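Here the UniProt record's numbering is used: the first residue of the sequence shown is 1, the next is one more, and so on. The beta-carbon is built from N, C-alpha and C at its ideal position, and this holds for glycine as well. Only a predicted model underlies this, so the values are computations on that prediction, with no experimental measurement involved.
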Amino acid sequence: MEYFVTSIKEITSKRRAVYVDYEHVFALYAGELRKFGIKEQSYISEDVYDEIMTVLSKRAVIRGMNLLKNKDYTRAEFIKKLKDGYYPDKAVDAALEYIDRYGYIDDDRYARNYVAFKAPVKSRRIIEQKLKEKGVSADIIACVCDEYYSDNGECELNQVVSLIEKRTSKTDISRMDYNERQKLMAYLYRRGFNFDIINKAIDKVCDNCM
1 MEYFVTSIKE ITSKRRAVYV DYEHVFALYA GELRKFGIKE QSYISEDVYD EIMTVLSKRA
61 VIRGMNLLKN KDYTRAEFIK KLKDGYYPDK AVDAALEYID RYGYIDDDRY ARNYVAFKAP
121 VKSRRIIEQK LKEKGVSADI IACVCDEYYS DNGECELNQV VSLIEKRTSK TDISRMDYNE
181 RQKLMAYLYR RGFNFDIINK AIDKVCDNCM
């Protein structure tokens with residue numbers, strides 16, 4: 001089997017994206033294009049293609065390890081980071097196989113650390129939304145959040161109380177008119193807190209004002 005190179009486009013001054021049948025397949029350094037004899041409107045033999053995939057797979061593993069030295073990633077974030085770096089699927093799979101072997105990425109562990117770090121300052125809804133954006137599965141998010149908030153029942157309540165006290169300063173919240181209270185509740189809702197928590201927090205602040 002041969003692969004027809006339809007175009008080669010510059011990524012940086014040193015790297016080039018190689019397109020086969022008009023689809024991006026992989027990226028190489030300019031010197032590697034010369035080494036493998038890759039030109040536009042030419043064919044890549046199967047042997048050369050396999051050699052390129054081997055080179056890029058090893059490179060993806062190294063790139064992946066360097067990424068994980070600097071910060072923790074969810075599985076989805078890690079895959080996106082490599083694909084954004086123009087690594088082909090085969091190379092990404094090789095990197096995933098390597099990190100899975102040593103447990104370097106664990107979405108459950110990531111979610112637990114994230115919740116523990118963010119829960120004191122963010123609402124559960126915002127935390128769940130952020131974890132979803134990071135590609136963590138709904139099952140893991142639900143399990144981790146349920147466990148954390150069952151052990152830290154008043155975490156959100158205390159946050160809302162603190163926000164109300166900062167927002168209202170020394171104002172007696174029990175003397176707020178309807179419109180003022182609605183504005184306060186809308187502000188807290190936008191921060192991700194549900195109305196049940198908000199009402200409990202308002203009651204608690206009112207009790208403290210007495």
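- [ ] Label Gly-64 either buried or exposed according to how many other C-beta atoms from any shown protein chain fall within 10 Å of its C-beta, with 16 as the threshold for buried.
- [x] Locating residue 64 in the sequence shown gives position 64, counting from the first residue. Answer is buried; the Cβ neighbour count reaches 16.
- [ ] Spell out a yes or no on whether the region 119-130 and the region 141-150 are touching, meaning 3 or more CB-CB pairs, one atom from each, closer than 8 Å.
- [x] Yes, since at least three Cβ pairs between the region 119-130 and the region 141-150 fall closer than 8 Å, the two stretches touch.
TODO: Could you spell out where the alpha helix (DSSP H) holding Ala-76 opens and where it closes?
DONE: Counting from one through the sequence shown, the residue named residue 76 turns up at place 76. From DSSP, the alpha helix (DSSP H) with Ala-76 extends over 75-84.
Task: Inter-residue CB distance, Phe-36 and Val-25 (contact presumed, cutoff 8 Å) - done: As a first step, residue 36 is located in the sequence shown; it is residue number 36 there, counting from the start. As a first step, residue 25 is located in the sequence shown; it is residue number 25 there, counting from the start. With 8 Å as the limit, Phe-36 and Val-25 do not qualify as a contact, their Cβ atoms being about 13 Å apart.
Task: Through-space distance from Tyr-87 to Asp-207, alpha-carbon basis - done: If you number the sequence shown from 1, residue 207 lands on position 207. If you number the sequence shown from 1, residue 87 lands on position 87. Taking the straight line joining both Cα atoms gives about 59 Å.
Open item on the list: Using a Cβ-Cβ cutoff of less than 8 Å, which residues in the same chain neighbour Val-20 once the five nearest sequence positions on both sides are dropped?
Closed with: As a first step, residue 20 is located in the sequence shown; it is residue number 20 there, counting from the start. Contacts found: Tyr-3, Phe-4, Val-5, Thr-6, Ile-44.
Open item on the list: Within the continuous beta strand (DSSP E) that includes Glu-10, where are the two ends?
Closed with: The residue given as residue 10 occupies position 10 in the sequence shown. Segment 2-10, the beta strand (DSSP E) holding Glu-10.
Task: Collapsed DSSP secondary structure at Glu-40 in the structure displayed - done: Here residue 40 refers to the residue found at position 40 of the sequence shown. Three-state DSSP puts Glu-40 in coil, outside helix and strand.
Task: Identity of the residues DSSP links to residue 251 by a beta bridge - done: Beyond the ends of the chain as shown, which are 1 and 210, falls residue 251; an answer cannot be given.
TODO: Within 10 angstroms of the Cβ of Tyr-110, are there 16 or more other Cβ atoms? Answer buried if so, exposed if not.
DONE: In the sequence shown, counting from the first residue as 1, residue 110 sits at position 110. Tyr-110 is buried by the Cβ-count criterion.
Open item on the list: Cutting at 6 Å between CB atoms, please list the residues of its own chain near Cys-155, excluding the five before and the five after it.
Closed with: One-based indexing of the sequence shown puts residue 155 at position 155. Contacts found: Ala-119.
Task: Supposed contact pair Tyr-187 and Arg-167 - C-beta distance, whole angstroms, cut 8 Å - done: Your numbering for residue 167 matches position 167 in the sequence shown. Your numbering for residue 187 matches position 187 in the sequence shown. Sure, about 7 Å apart at Cβ, within 8 Å.
TODO: Specify the secondary structure class of Glu-154 as computed by DSSP and reduced to three states.
DONE: Here residue 154 refers to the residue found at position 154 when the sequence shown is read from its first residue. Glu-154 falls in the coil class under three-state DSSP.
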